[in-house]
Amino acid sequence: MISPEAIHLKNVVFGYEPRTPVLEVGELVVETGKRVFLYGPSGSGKTTLLGLITGVLTPQQGSCAVLGKDMTKMSAPARDRHRGAEMGYIFQSFNLIPYLTVRQNVALPCHVHKRRRQNIVAQTVSKEVERLVARLGLDTHLDRNVKKLSTGQQQRVAIARAVIGKPRLVIADEPTSSLDANRRADFLELLFEVCDEAQATLVFVSHDRSLMERFEERIALSEISRGCA
Amino acid sequence: MTVLRLAYESLRSRMFTTGLTIFSIALSVLLLVGVDRIRQGTQVGFEGTLSQTDLVVGARGGSLPLLLYAVFHIGTANNDISYASYQYFAHHPAVLWTIPLSMGDSHRGFRVVATDDNFYEHYRYRGDHSLQFAQGSRAEGIFDAVLGSAVADQLHYHLGQQIVLSHGLQASFLKHTADPYTVVGILAHTATPVDRGIYITLWGDEAMHLGWENGAPPLTAIPESQIHKSDLQIKTISAFLLRTKSRMSTLFLQREINTYKPEPLTAIIPAFTLEDLWSVLSAADVALSLVSGAVLVVGLLVMLTALYTSLNERRREIAVLRTLGLHARQIFALFILESSLISAAGAALGLAAAYLVLFAIRIPVENRYGIPLAMVGFSARVAYYMAAVVVAGALLGFIPAIRAYRNALVDGLSAG
Ligand SMILES: Nc1ncnc2c1ncn2[C@@H]1O[C@H](COP(=O)(O)OP(=O)(O)OP(=O)(O)O)[C@@H](O)[C@H]1O
Ligand SMILES: [Mg+2]
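Protein chains in written order, with the numbering used here: chain S, 8 to 236; chain L, 1255 to 1670.
Below, the structure is given as C-alpha cells:
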C-alpha cells in the first residue's frame, strides 16, 4: 500500500480565476517519509500549492497524485475524506476552532474520521488526546479555552491535532512565522519528533531559509513552478 | 453529529449575541402564541360560562348587549321586563326551567343579582357543572345575600357579615343604608363571572327599592323588621335564562318570545350570539397577530444579521474545518444548524413563556375584569406558528450558509 511517492504533481496549472493562472508546476515529487522544506517569496503560490496537494483546490490542468490517489479524478467529497483521513494541516496562526477547548480541538480529526480514530496509540480518543497534549507539554491547559493560550502554545496544540491518528502526510504552512527564534527551533524539534512517531511525510512551507538545513530535502517553488506571480 | 456539536459549541461561545437573538425570537413567539392563546382562552372561557341554557331573554334590544349583561356582567340592561311576562314563559309548556335575573345594584364594584332558587338549582357551566356552596346556603330571606367566591376572597367577607348595597353600578352616594343584607352563603369557585356576583332574592331586590319609586331614597327609611314578603310585589326583572324541554322547540320558542304581543322581548341563542362576538373581535385578533408577525420578522432579521456579520471572522474557522476533512456541504449544514437551533430555541422559549404568562394572568384577569380566561392546550395554530418560526429560521440560515459554502470552496487555504 505504501507507494514510494507521497506526492506527485504533474503539469499542474491552477488559477483562482480560470483565465489567470497563479501556479504552473511541471513536476513535483515528494518521497514517502521525507521531510521537505518548500520555500519561495511571498505571493509565489506556496499556500496555493498546498491547497492543490490537500485537494481543497482543484487544478485546471494536470494531475495531483497524493498518497496513492489522483485527487483530480476524485469527487469533491472523496477528496475531503482523503484529506481528513490521511493528512494533518498546520496554518501559520489561528489554527484552532476558537469556541472549542484544547481537548476538543485535538480530538476533532478523530471525530470526523474513523480512520484517524482507528490509528490512535492509546485505548480511547480522550486518552490519546491527553497523551499527545502531555507530549507537547500542554497538559495543564487541556480543558482551557484555546483563546487563552499564547501563540506558541496554540501552535503546539495545532501540532497535536495534525498528528493525532497518524496521518500519512503532515503539511505545515509557515507554522513558525508568528514565533520568536528560540521557540521556532523548539517547535521544529517537536514537529519532527511527533511526525517520526506517526511515520508521516512532512511538507514544511516557509520563506525563512534559516530553518532549511534541518530538512533532508529542499524545494524552491521558483524552480518547479514556471512562476506567474 | 460532529457538525451539530460544532454548531452548538459555536453558538454557546457567542452566548451574548446568541442569547439576544433567541430572546428576540422568543419575544415574538410569546406575542404570537400569547395573542392566540388568549383569544382561544377567552372563547373557551366565555363558552364555558353558560351551558344547558337554550335562550337568554330580555327587553327588546341588541342581542350582544343582552348576553353580555345577563351572563357576563358586562354593560347594563336598558329596560326591564315585566314579571308577568316572565311568569308566562316560566310556565310555558315547552319550557323545562327558567332563571330570573334582576340587576342594577352593586356593592363595592361587584354586581348584585337578584334571582331565585332556580339559579342554584339549574345554572350550569362548562358542560354539567352546577353551583356548589363553599360555605352556608342559598339566600331565602329578604335580606339574605350569597357571595360569589371572588367577592368573598377580595373583600374578605365571611358568613354573617352585614353588607350595604348601593344603587346603580358605580360606587354611589345613594346607599341603601337602611337595609343591610346578611351574608348567608358563599359559592364555590367556578372560574366564571358567577364568582363576581352577589346574589339576593327577588324579594330582596324589591325591598331594597321600597319607597324609591321616585329614584331617590324615601324620606323616612322603613326599618328592616317591618318589611315582609307579603308586603312586597315583584314587578320587574332584567332578564331570564331558559331551557326548553326539547332542543327542537328552541327556535319556535325564540320566535314566539320575539313576537310576544303584550311586551317587546328579545330571545337569543347564546352560542350564536357568542359567534357574533368572536367575529367582531377577530379583526382585533388579526391586527394583533400582524403586529406579532412583524416582531417575529425583526427577531429573525436580528439573527440573520448576527450570523452574517460573524461570517468574515469565521473564514479562518471554515478553512480549518476544511483541512480537517469537512465537506463544503457540512460547512453549509453548520450554518443552517446554527440558525435552526437559534430559532428552535427561541420558539420553545417563547412557547413556554406564553403558557407561563397565560397561567400567571389568568386569575388576575378573571378577578379584575371578569373575563373568564380558560387555560387552553396546544392548538393547530400554535403548532403551525412553531413550525413556521423554525422553518423561517432555517431558511434564513441559507443566506449565510450559502456564503460560507462558497467561501469554503473559493478561499482554499488562504483565508484569514
Ligand atoms: N482566495 C484567493 N482568491 C484569489 N486569489 C488568491 C487567493 N489566495 C491567493 N491568491 C493569489 O494567489 C497568489 C499566490 O498566493 P499564495 O497565498 O499561494 O502565496 P504564498 O506563497 O503562500 O504567499 P505568502 O508567503 O505571503 O503566504 C497571490 O498572487 C494571491 O494574491
Ligand atoms: Mg501563504
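Every residue, glycine too, gets a C-beta built ideally from N, C-alpha and C.
In angstroms with no decimal places, state the Cα-to-Cα distance between S:THR55 and S:SER49.
11 angstroms
Assign L:THR1597 to buried or exposed, taking buried as 16 or more other Cβ atoms, counted over all protein chains shown, within 10 Å of its Cβ.
The question names Thr, but residue 1597 of chain L is Ser in the sequence shown. Counting Cβ neighbours within 10 Å, L:SER1597 comes out buried, since at least 16 surround it.
What residues in its chain sit with their C-beta under 7 angstroms from that of S:ALA236, if we drop five residues either side in the sequence?
Here S:ALA236 scores only 44 on pLDDT, less than 50, and its place in the model is too uncertain to base an answer on.
Output yes if chain S places a C-beta closer than 8 angstroms to the C-beta of L:SER1594; else output no.
Not one chain S Cβ lies under 8 angstroms of L:SER1594.
At a threshold of 7 angstroms, does S:ASP180 count as lining ligand 2 (C-beta to nearest heavy atom)?
yes
In three-state terms, what does DSSP make of L:THR1369?
strand
Going along chain L, which residues have a C-beta under 9 angstroms from S:THR54?
Within 9 angstroms of the CB of S:THR54, the CB atoms of chain L belong to GLY1666, LEU1667, SER1668, in sequence order along the chain.
Since L:HIS1421 sits in a beta bridge, which residues does DSSP pair it with?
L:ASP1359
Taking the straight line between their C-alpha atoms, what separation do you get for L:GLY1295 and L:PRO1626?
Approximately 8 angstroms, taken between the alpha carbons.
Applying a beta-carbon distance threshold of less than 7 angstroms, which residues of chain S neighbour L:LEU1238?
Outside the modelled stretch of chain L, which goes from 1255 to 1670, sits residue 1238 of chain L, for which no answer is possible.
Pull up the distance between the alpha-carbon of L:SER1564 and that of L:GLY1651, whole angstroms please.
13 angstroms
Count the other CB atoms within 10 Å of the CB of L:SER1426; is the residue buried (16 or more) or exposed (fewer)?
Only weak support is given to the placement of L:SER1426: the predicted model assigns it a pLDDT of 49, under 50, and the value that follows is read from those uncertain coordinates. With fewer than 16 other Cβ atoms within 10 Å, it is exposed.
By Cβ distance below 6 angstroms, which residues in the same chain neighbour S:THR183 in space, the five residues on each side in sequence not counted?
Around S:THR183: ARG191, PHE194.
Could you name the residues of the same chain whose beta carbon sits closer than 8 angstroms to that of L:VAL1636, not counting the 5 residues immediately before and after it, in chain order?
VAL1287, ASP1290, ARG1291, LEU1605
For L:GLY1390, tell me which candidate among L:ASP1449, L:LEU1401, L:TYR1340 has the shortest Cα-Cα distance.
L:LEU1401
Taking 8 angstroms as the cut-off, does the region 1270-1283 of chain L touch the region 83-90 of chain S (at least 3 CB pairs, one atom from each stretch)?
A contact is defined here as three or more CB-CB pairs under 8 angstroms, and the region 83-90 of chain S fails this definition with respect to the region 1270-1283 of chain L.
Measuring only the C-alpha atoms, how far is S:MET219 from S:ALA227?
11 angstroms
Taking 7 angstroms as the cut-off, does the CB of L:GLY1666 come closer than this to any heavy atom belonging to ligand 1?
yes
S:ALA13: buried (16+ other C-beta within 10 angstroms of its C-beta) or exposed?
buried
I'd like the list of long-range same chain contacts for S:VAL140, defined as Cβ closer than 8 angstroms, with 5 residues on each side in sequence excluded.
VAL109, ARG110, VAL113, ASP146, HIS148, LEU149, VAL164, ALA167
If you compare alpha carbons, which of S:CYS71, S:ASP77, S:LEU186, S:PRO116 is closest to S:VAL20?
Closest by alpha carbon: S:CYS71.
Enumerated in chain order, which unbroken segments of the alpha helix (DSSP H) with a length of 4 residues or greater are wholly contained in the region 1490-1571 of chain L?
Within the region 1490-1571 of chain L, the complete alpha helix (DSSP H) segments of 4 residues or longer fall at 1504-1512, 1524-1567, listed in chain order.
When DSSP labels each residue in this structure, what does L:ASP1300 get in the three-state scheme?
For the sequence presented, residue 1300 of chain L should be read as Phe rather than Asp. Helix, per DSSP.
Are S:LEU103 and S:VAL153 touching if we call contact CB-CB under 8 angstroms?
yes
Count the other CB atoms within 10 Å of the CB of S:HIS189; is the residue buried (16 or more) or exposed (fewer)?
According to the sequence provided, residue 189 of chain S is Asn. The question's His does not apply to it. Exposed, since its Cβ has fewer than 16 Cβ neighbours within 10 Å.
Out of L:LEU1554, L:TYR1638, L:LEU1610, which one is the CA nearest neighbour of L:VAL1630?
L:LEU1610
Using the Cα positions of L:ALA1642 and L:LEU1649, report the straight-line distance between them to the nearest angstrom.
For L:ALA1642 and L:LEU1649, the distance between alpha carbons rounds to 10 angstroms.
Could you name the residues of the region 1640-1661 of chain L whose beta carbon sits closer than 8 angstroms to any beta carbon of chain S, in the order they occur along the chain?
none
Thinking C-alpha only, which one of L:THR1272, L:LEU1260, L:GLN1306 is nearest L:ILE1688?
Residue numbering for chain L in the displayed model covers 1255 to 1670; residue 1688 of chain L lies beyond these limits and cannot be assessed.
How should L:LEU1447 be labelled, buried or exposed, when 16 other C-beta atoms within 10 angstroms of its C-beta is the threshold for buried?
Sequence check: residue 1447 of chain L is Pro here, not Leu. Result: buried.
Are the beta-carbon atoms of L:ALA1493 and L:LEU1355 separated by less than 8 angstroms?
yes
Mind checking whether S:GLU93 and S:ARG216 have CB atoms under 8 angstroms apart?
no
Can you determine whether any heavy atom of ligand 4 sits closer than 7 angstroms to the C-beta of S:VAL63, and answer yes or no?
This structure lacks ligand 4; its bound ligands are ligand 1 and ligand 2.
Under the criterion of a Cβ to heavy atom distance below 7 angstroms, does S:THR54 qualify as lining ligand 2?
yes
Is the number of C-beta pairs between the region 1339-1359 of chain L and the region 1507-1521 of chain L that are closer than 8 angstroms three or more?
yes
Going by alpha carbons, who is nearest to L:TYR1573 out of S:PHE211, S:ARG90, S:VAL43?
The question names Tyr, but residue 1573 of chain L in the sequence shown is Ala. If we check each option's Cα against that of L:ALA1573, S:ARG90 comes out closest.
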